[in-house]
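In UniProt numbering, the protein residues as written are 1 to 264. Notes follow the structure.
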Amino acid sequence: MLTDLMDPRQWHEFARLQGPEPVNVFDQSCADVAPDCYFYPVLSATEVEDVPSMVRKHALDGWWLEQQETEQRSLNTEQRKETEALHSKHERERNTLTTKQRIQRKFVERAAHRESRLAQLDSTNMVQERELRKMQEMVHRMEEDNALLRSRLEEATTRIESLCEQNESLRTVVAHVEAAIHSNLKVRGSMGAAISAEPLSPLLQPNGLPPTSTEAAEDSDCIEVDPRNCKTGKRNFQDYEDDTTTPNADRHRRKTRRGLGREA
1 MLTDLMDPRQ WHEFARLQGP EPVNVFDQSC ADVAPDCYFY PVLSATEVED VPSMVRKHAL
61 DGWWLEQQET EQRSLNTEQR KETEALHSKH ERERNTLTTK QRIQRKFVER AAHRESRLAQ
121 LDSTNMVQER ELRKMQEMVH RMEEDNALLR SRLEEATTRI ESLCEQNESL RTVVAHVEAA
181 IHSNLKVRGS MGAAISAEPL SPLLQPNGLP PTSTEAAEDS DCIEVDPRNC KTGKRNFQDY
241 EDDTTTPNAD RHRRKTRRGL GREA
């Protein structure tokens, strides 16, 4: 039988390489060998006789196909490797690009931050410049005030120096006056001691009679207060001062001087 000439797997391979629709040639006998034993297409008697050569040919074709499949698989493997390598390369490039973009983004962000910081510093500098101008104006006003105060101080110093000079001259005058007063007090003290040593007699009127008690009292009070207003009868202190003939004129002068000493 035809099925004895080949292995059912070869028939299956032969059938797989033939036409589109499988046709069961040997019916039950083929089915006894293999359930999927098919032949494409229906063979003639001559073709049936050439089945062994066809089987050999198709076996070689199968080997060739296996080799092709192996090569295809290896080629696919190489292509897959190349594809993977290319994919990894693209991935690395994309990652590199992403890294560059990230770095550029960071640079852009830093530049933006720097610009905002510079704008902030500019505004701060403007405020500080305004404050500095205000402070400079204040310093200028203070310098003007200091110059005015310095001129006033110089004027006050000059005035104080002149006052000190005046005080020195006044001290000199006061010292001279005190010395004169001291000498006068000494002279008056000596004169008062000399006068108090002499005996006193009541004043006499120009007619040689002693004054009345009222006139004597008025005379004594007047001499102690102001001898220039003293009057005894029709004569006054000036009369006694100018009189050199009246016997009691000298004694009256001494008495009036003593009164002046007590008054001083």
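Even for Gly, the Cβ is constructed at its ideal location relative to N, Cα and C. Predicted, not measured: the structure shown is a model, and the values here were computed from it.
Inset, instruction - Work out the CA separation of residue 144 and residue 134 for me, nearest whole Å. - result: On the sequence shown, position 134 is the one that residue 134 refers to. On the sequence shown, position 144 is the one that residue 144 refers to. Approximately 15 Å between the Cα atoms of the pair.
Legend entry - Inter-residue Cα distance where the pair is residue 111 and residue 121: The count along the sequence shown starts at 1 and reaches residue 111 at position 111. The count along the sequence shown starts at 1 and reaches residue 121 at position 121. Cα to Cα, residue 111 sits roughly 15 Å from residue 121.
Inset, instruction - Just the C-alpha distance for residue 161 and residue 181, rounded to the nearest angstrom, thanks. - result: Locating residue 161 in the sequence shown gives position 161, counting from the first residue. Locating residue 181 in the sequence shown gives position 181, counting from the first residue. Computed Cα separation, rounded: 29 Å.
Inset, instruction - Please list, in chain order, all residues of the same chain as residue 142 whose beta carbon is under 6 Å from its beta carbon, the five residues on each side excluded. - result: To locate residue 142, count along the sequence shown from 1; it is residue 142. Taken in chain order, the list of residues that qualify is empty.
Legend entry - Chain-order list of residues whose beta-carbon lies under 6 Å from that of residue 178 (same chain, five-residue window excluded): Residue mapping note: residue 178 aligns to position 178 of the sequence shown, counting from 1. Around residue 178: no qualifying Cβ.
Inset, instruction - Using the Cα positions of residue 169 and residue 186, report the straight-line distance between them to the nearest angstrom. - result: Taking the sequence shown and counting its residues from 1, the one referred to as residue 169 is at position 169. Taking the sequence shown and counting its residues from 1, the one referred to as residue 186 is at position 186. The straight-line gap from Cα to Cα measures roughly 25 Å.
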